[in-house]
Amino acid sequence: MNYGYFDDANKEYVITKPDTPAPWANYLGSPEYGAIISNNAGGYSFVKSGANGRILRYHFNSDDTPGRYIYIRDDETKDYWSASWQPVGKDLSVYKSECHHGTGYTNMKASYAGIDTEVLYYVPMNKTYEVWSMKITNASDRVRKLSAFGYAEFSNEDNYNQDQVNLQYTLFITRTYFKENKILQAINENCTGSPVNGSTGKNRFFAQTGAQVTSYNGNKDSFFGKYHSYGDPKAVIDGKCNNELNYNSNSCGALHSAIELQPGESKVITYLLGSKNEAEADEIIARYQSEDAVCKEVQELKDFWHAKLQNLVVKTPDAAFNSMINIWNAYQCFITFTWSRAASFVYCGERNGYGYRDTVQDIQGIIHLDPEQAADKLRFMLSAQVDNGGGLPLVKFDHNPGHEGTPDDPEYVKETGHPAYRADDALWLFPTVYKYISETGNKSFLDEVIPFSNKGEATVYEHLKRAIQFSEDRLGAHKMPAGLHADWNDCLRLGKAGESSFVAMQLYYGLVILKEFATEKNDTEYVKYLSDLQDELGSIINSECWEDDRYIRGFTEAGQVIGSKQDKEASMWLNPQSWAVISGVASKEQAEKALEKVHEELNTAFGVRVMAPSFKQHAFKGALSLLFNPSTKENGSVFSQTQGWIILAESLMGHGNRAFEYFKESSPASQNDNADVRILEPYVHGQFTESAESPFEGRAHVHWLTGTASTVMVGCVEGILGLRPDPDGLCIAPAIPSEWKEITMEKVFRGCKLNITVKNENGAEGGYKECYLNGVKLEKNYVSATDLKDVNDILLVM
Ligand code: IFM
Numbered sequence: 001m002n003y004g005y006f007d008d009a010n011k012e013y014v015i016t017k018p019d020t021p022a023p024w025a026n027y028l029g030s031p032e033y034g035a036i037i038s039n040n041a042g043g044y045s046f047v048k049s050g051a052n053g054r055i056l057r058y059h060f061n062s063d064d065t066p067g068r069y070i071y072i073r074d075d076e077t078k079d080y081w082s083a084s085w086q087p088v089g090k091d092l093s094v095y096k097s098e099c100h101h102g103t104g105y106t107n108m109k110a111s112y113a114g115i116d117t118e119v120l121y122y123v124p125m126n127k128t129y130e131v132w133s134m135k136i137t138n139a140s141d142r143v144r145k146l147s148a149f150g151y152a153e154f155s156n157e158d159n160y161n162q163d164q165v166n167l168q169y170t171l172f173i174t175r176t177y178f179k180e181n182k183i184l185q186a187i188n189e190n191c192t193g194s195p196v197n198g199s200t201g202k203n204r205f206f207a208q209t210g211a212q213v214t215s216y217n218g219n220k221d222s223f224f225g226k227y228h229s230y231g232d233p234k235a236v237i238d239g240k241c242n243n244e245l246n247y248n249s250n251s252c253g254a255l256h257s258a259i260e261l262q263p264g265e266s267k268v269i270t271y272l273l274g275s276k277n278e279a280e281a282d283e284i285i286a287r288y289q290s291e292d293a294v295c296k297e298v299q300e301l302k303d304f305w306h307a308k309l310q311n312l313v314v315k316t317p318d319a320a321f322n323s324m325i326n327i328w329n330a331y332q333c334f335i336t337f338t339w340s341r342a343a344s345f346v347y348c349g350e351r352n353g354y355g356y357r358d359t360v361q362d363i364q365g366i367i368h369l370d371p372e373q374a375a376d377k378l379r380f381m382l383s384a385q386v387d388n389g390g391g392l393p394l395v396k397f398d399h400n401p402g403h404e405g406t407p408d409d410p411e412y413v414k415e416t417g418h419p420a421y422r423a424d425d426a427l428w429l430f431p432t433v434y435k436y437i438s439e440t441g442n443k444s445f446l447d448e449v450i451p452f453s454n455k456g457e458a459t460v461y462e463h464l465k466r467a468i469q470f471s472e473d474r475l476g477a478h479k480m481p482a483g484l485h486a487d488w489n490d491c492l493r494l495g496k497a498g499e500s501s502f503v504a505m506q507l508y509y510g511l512v513i514l515k516e517f518a519t520e521k522n523d524t525e526y527v528k529y530l531s532d533l534q535d536e537l538g539s540i541i542n543s544e545c546w547e548d549d550r551y552i553r554g555f556t557e558a559g560q561v562i563g564s565k566q567d568k569e570a571s572m573w574l575n576p577q578s579w580a581v582i583s584g585v586a587s588k589e590q591a592e593k594a595l596e597k598v599h600e601e602l603n604t605a606f607g608v609r610v611m612a613p614s615f616k617q618h619a620f621k622g623a624l625s626l627l628f629n630p631s632t633k634e635n636g637s638v639f640s641q642t643q644g645w646i647i648l649a650e651s652l653m654g655h656g657n658r659a660f661e662y663f664k665e666s667s668p669a670s671q672n673d674n675a676d677v678r679i680l681e682p683y684v685h686g687q688f689t690e691s692a693e694s695p696f697e698g699r700a701h702v703h704w705l706t707g708t709a710s711t712v713m714v715g716c717v718e719g720i721l722g723l724r725p726d727p728d729g730l731c732i733a734p735a736i737p738s739e740w741k742e743i744t745m746e747k748v749f750r751g752c753k754l755n756i757t758v759k760n761e762n763g764a765e766g767g768y769k770e771c772y773l774n775g776v777k778l779e780k781n782y783v784s785a786t787d788l789k790d791v792n793d794i795l796l797v798m
């Protein structure tokens with residue numbers, strides 16, 4: 001069953017049935033002023049931090065309440081409903097609604113009892129407040145007397161935890177005021193001008209334009225009344241608020257307007273909300289006296305986002321693939337890039353920093369769409385590399401390069417909760433730096449000088465050298481990089497001196513990339529050093545980790561082999577197989593065998609499992625995944641992030657059919673008609689999907705903020721579509737399903753427009769026969785950047 005459809009022309013997902021299996025969310029604004037909104041208007045807002053700058057409350061792990069509610073009441077019949085289906089929840093046979101989640105805005109449309117409403121929710125570009133603009137229309141043929149109530153539930157404190165649990169304090173620090181068209185909330189009011197305990201007082205406001213305020217509440221209990229809830233506020237039932245403000249109780253902003261509409265007549269009421277004092281609020285309110293402001297601002301948001309997404313537009317025979325690559329996966333990449341793992345309906349904002357590996361990977365997802373935005377974050381992450389070459393496991397949002405502690409300092413450990421270096425963090429820099437330089441041709445990036453997190457500075461090239469050295473300085477018994485605290489898999493504790501084959505492959509790949517840079521720089525001695533290391537590490541991986549038809553997952557500190565085919569549980573792991581191909585360490589024969597085994601032992605109808613069978617009775621001591629139920633998260637689920645790597649690996653082998661099979665199984669859009677099983681938004685990837693040993697196989701979890709966005713994007717763009725830039729040009733090597741006869745791709749590359757057509761009349765799934773640039777036949781499937789004009793036609797015949 002589906003609950004909506006992809007409207008690609010408008011870059012929206014349209015929810016036509018509001019009783020979705022979970023709250024289906026969208027992101028508004030930026031972390032400067034962030035807002036998360038569900039298809040039923042549930043969600044919260046904050047300034048800078050979901051944990052420490054919370055403005056609107058949200059009940060996590062509950063019923064998607066409260067939210068940005070607008071209640072409508074028919075003042076003649078006394079019937080009432082809400083502009084979003086919930087919280088009133090009218091019978092869906094008579095209440096019709098559509099929620100359009102777009103890029104940076106959500107438009108909620110409803111029709112009930114002859115009244116149409118349309119509410120645009122958004123945060124204007126570069127602003128730190130939000131707008132809910134409702135157009136209400138009398139679609140009936142009689143005059144209607146109506147009441148509209150806007151409701152915002154302020155938190156009593158900026159700190160989310162304090163607001164929830166420290167009630168002996170937070171209930172007694174706020175009060176509200178009503179002034180003409182707004183409710184003003186004051187927090188620690190007495191401290192304005194004379195700070196106490198760090199507080200200088202604070203104001204929030206909830207205002208409206210477009211109609212006079214008839215009545216109001218600043219006190220939550222007065223608006224709802226005793227024993228009423230979000231679905232039946234007493235003020236709405238009564239048709240007016242009792243004008244009570246809070247004092248030593250929960251505050252809120254509730255504004256009521258009585259309006260009259262002629263048949264066919266519309267009115268726009270715009271609600272405004274933010275963390276501002278009265279003068280600032282008045283300035284904002286003044287901007288919305290004309291209705292044009294809203295149209296203009298929403299258009300600005302669309303122009304901004306659509307321009308970014310326009311940098312790669314693909315047309316393939318698969319609609320789900322097109323929707324994901326052109327719009328939703330791309331948009332999700334920007335969301336993860338911007339918000340990291342800070343705030344969603346699962347993350348409550350308490351993670352006040354960037355995970356090193358997560359963020360360096362997130363950057364990869366937007367490089368093809370906005371390389372310079374990517375480069376800024378990449379510089380930031382390089383500045384979070386310690387001078388010994390390791391990455392800081394957690395980079396604080398207020399990271400101060402050159403002055404930070406390291407995991408060797410108790411202070412850093414106490415502050416971040418990260419007790420040690422992880423084996424993989426800095427190794428993620430290699431593919432990310434390579435992708436940036438290849439997309440832009442900006443080879444001088446390697447010469448940029450960037451500080452280390454603790455002390456000193458060096459060129460990017462030197463940063464990369466130190467990342468290699470960090471691993472080389474910490475080798476285990478087999479001379480592979482030591483496991484340290486963990487590798488990509490947070491649940492795999494091999495012990496400080498244990499060894500992960502995945503990290504060894506990442507190091508191998510790092511050596512390949514750095515060797516290319518070193519060769520370009522004529523750093524001959526270093527090239528030789530890297531070559532020797534690469535040869536040595538390659539043979540170690542292939543002699544110690546290859547087992548007939550698979551790569552093992554690694555060795556514990558005590559020498560126990562993990563991921564052997566002899567093991568009773570977890571005998572086959574996905575990442576070493578895909579990374580053996582991506583890194584280039586596997587021979588063709590090994591790669592073919594390992595990938596075939598993956599299909600045999602790990603593939604399911606919902607994607608490929610991270611390992612199998614799940615740990616139950618035979619886990620080794622460091623297998624933290626045992627904490628999870630079987631087929632859940634790291635314990636044998638379809639861990640979504642890893643799908644991108646297996647898609648890429650199959651594509652690199654020219655297996656277009658397999659690569660696409662994996663895309664199709666795990667892609668949210670392909671599951672649109674299976675929403676009751678998948679549960680999560682069909683337009684975004686989740687962190688994982690429950691697999692075979694779960695009674696709920698196919699159910700996905702942890703929406704939006706996941707590394708899946710970037711890995712699947714890379715798997716599809718570099719893998720299936722075969723768009724593989726290098727520092728000097730672009731290789732085009734699609735690996736597509738053999739039934740695709742033609743695909744087209746419009747790509748902006750280094751300021752030039754590429755109109756690429758791939759013809760596949762012969763039903764190939766990889767490889768190519770001929771390639772043409774602007775009508776001239778090329779020697780191979782490679783377009784040199786120096787041959788590009790402003791606009792180029794490229795034809796690849798498979
Ligand atoms: O790689 C990690 C990531 O850093 C956080 N989420 C889980 C992944 C796999 O363990």
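Position one of the sequence shown corresponds to residue 1 (UniProt numbering), numbered consecutively onward. Note that the Cβ used here is the ideal one computed from N, Cα and C, for glycine as well.
Point to revise | N774 burial status per 10 Å Cβ neighbour count (16 or more: buried) | key: exposed
Check your understanding: What residues are listed by DSSP as bridge partners for I115?
Key -> Note: I115 sits in a beta bridge opposite Y112 and N138.
Check your understanding: Could you check where the beta strand (DSSP E) with H485 kicks off and where it finishes?
Key -> Segment: none, H485 is in no beta strand (DSSP E) and carries neither H nor E.
Check your understanding: By Cβ distance below 8 Å, which residues in the same chain neighbour C752 in space, the five residues on each side in sequence not counted?
Key -> L788, K789, D790, V791 and N792
Practice item. In the DSSP assignment, find the unbroken beta strand (DSSP E) run with S45 in it and report its ends. Key: For S45, the uninterrupted beta strand (DSSP E) run begins and ends at G43 to F46, by DSSP.
Exercise for review: Could you tell me whether any non-hydrogen atom of the ligand IFM is closer than 6 Å to the CB of L318?
Suggested key: The sequence as given places Asp at residue 318; Leu does not occur at that position. False, no ligand heavy atom lies under 6 Å from that Cβ.
Check your understanding: DSSP beta-bridge partners for M611?
Key -> W573
Review point. Relative to the C-alpha of N188, which residue among S199, F178 and E180 is closest?
Key: S199
Exercise for review: Examine the ligand IFM and report whether any of its heavy atoms sits within less than 6 Å of the Cβ of N489.
Suggested key: yes
**Study point:** Cβ-heavy atom distance, R351 to the ligand IFM, below 6 Å
**Key:** no
Review point. Taking buried to mean at least 16 other C-beta atoms within 10 Å of its own C-beta, is Q506 buried or exposed?
Key: By the 16-neighbour rule on beta-carbons within 10 angstroms, Q506 is buried.
Check your understanding: Going by DSSP, which residues form a beta bridge with A458?
Key -> I450
Review point. Short check: CB of A700 to CB of T711, under 7 Å?
Key: no
**Study point:** Identity of the residue in W328, M381 and N156 nearest S275 by Cα
**Key:** N156
Exercise for review: Hey, could you find the ends of the alpha helix (DSSP H) H368 is sitting in?
Suggested key: Here H368 belongs to no alpha helix (DSSP H), and DSSP marks it neither H nor E.
**Study point:** Candidates Y683, I72, I15 and I552: closest to K135 by CA position
**Key:** I72
Review point. Nearest to N672 by CA position, among M324, T192 and G231, is which residue?
Key: M324 is the residue among M324, T192 and G231 whose C-alpha sits nearest the C-alpha of N672.
**Study point:** Endpoints, the alpha helix (DSSP H) within which C191 is located
**Key:** No alpha helix (DSSP H) contains C191, which DSSP labels as neither H nor E.
Practice item. My understanding is that Y122 touches I335, with C-beta atoms under 8 Å, so please give their C-beta distance in whole angstroms. Key: Their Cβ separation, rounded to whole angstroms, is 15 Å, which puts Y122 and I335 out of contact at 8 Å.
Review point. How about A615 and S631: are their beta carbons less than 7 Å apart?
Key: The amino acid at residue 615 is misidentified as Ala; the sequence shows Phe. Their beta carbons are not under 7 Å apart, which means F615 does not touch S631 by this criterion.
Check your understanding: By a C-beta neighbour count over all protein chains shown, 10 Å radius and 16 as the cutoff for buried, is D318 buried or exposed?
Key -> buried
**Study point:** Nearest neighbour of A709, chosen from N352, T604 and Q364 [CA to CA]
**Key:** Scanning N352, T604 and Q364 for the CA closest to the CA of A709 turns up Q364.
Practice item. Answer yes or no: the CB of R357 versus the heavy atoms of the ligand IFM, is any distance below 6 Å? Key: yes
Exercise for review: Could you have a look at P431 and say whether DSSP puts it in helix, strand or coil?
Suggested key: In the three-state DSSP reduction, P431 falls in the helix class (H, G or I).
Check your understanding: alpha helix (DSSP H) containing V413: first to last residue?
Key -> Looking at the DSSP string, the run of the alpha helix (DSSP H) that includes V413 is P410 to T416.
Review point. Among H599, D523 and W645, which residue has its Cα nearest to the Cα of E718?
Key: W645
Review point. Would the beta-carbon of V758 fall within 7 Å of that of L796?
Key: yes
Check your understanding: Rounded to a whole number of angstroms, what is the C-alpha to C-alpha distance between A612 and Q566?
Key -> Whole-angstrom Cα-Cα distance: 13 Å.
Review point. Going by the CB atoms, is the gap between A591 and M653 shorter than 7 Å?
Key: yes
Practice item. Report yes or no: do three or more beta-carbon pairs, one from the segment 730–750 and one from the segment 758–768, lie closer than 8 Å? Key: yes
Check your understanding: According to the Cβ coordinates, are M108 and S84 closer than 7 Å?
Key -> yes
Practice item. Let me know the secondary structure DSSP gives R699 once reduced to three states. Key: For R699, the three-state secondary structure derived from DSSP is coil.
Review point. Looking at the structure shown, is C716 part of a helix, part of a strand, or coil, going by DSSP?
Key: helix
**Study point:** Terminal residues of the beta strand (DSSP E) in which F688 lies
**Key:** G686 to T689
Review point. Between R142 and the rest of its own chain, which residues show a CB-CB distance below 7 Å, the 5 nearest in sequence each way excluded?
Key: P263
Practice item. Take L369 as the anchor and find which of C348, V413 and Q310 has the nearest alpha-carbon. Key: With distances taken between Cα atoms, L369 lies closest to Q310.
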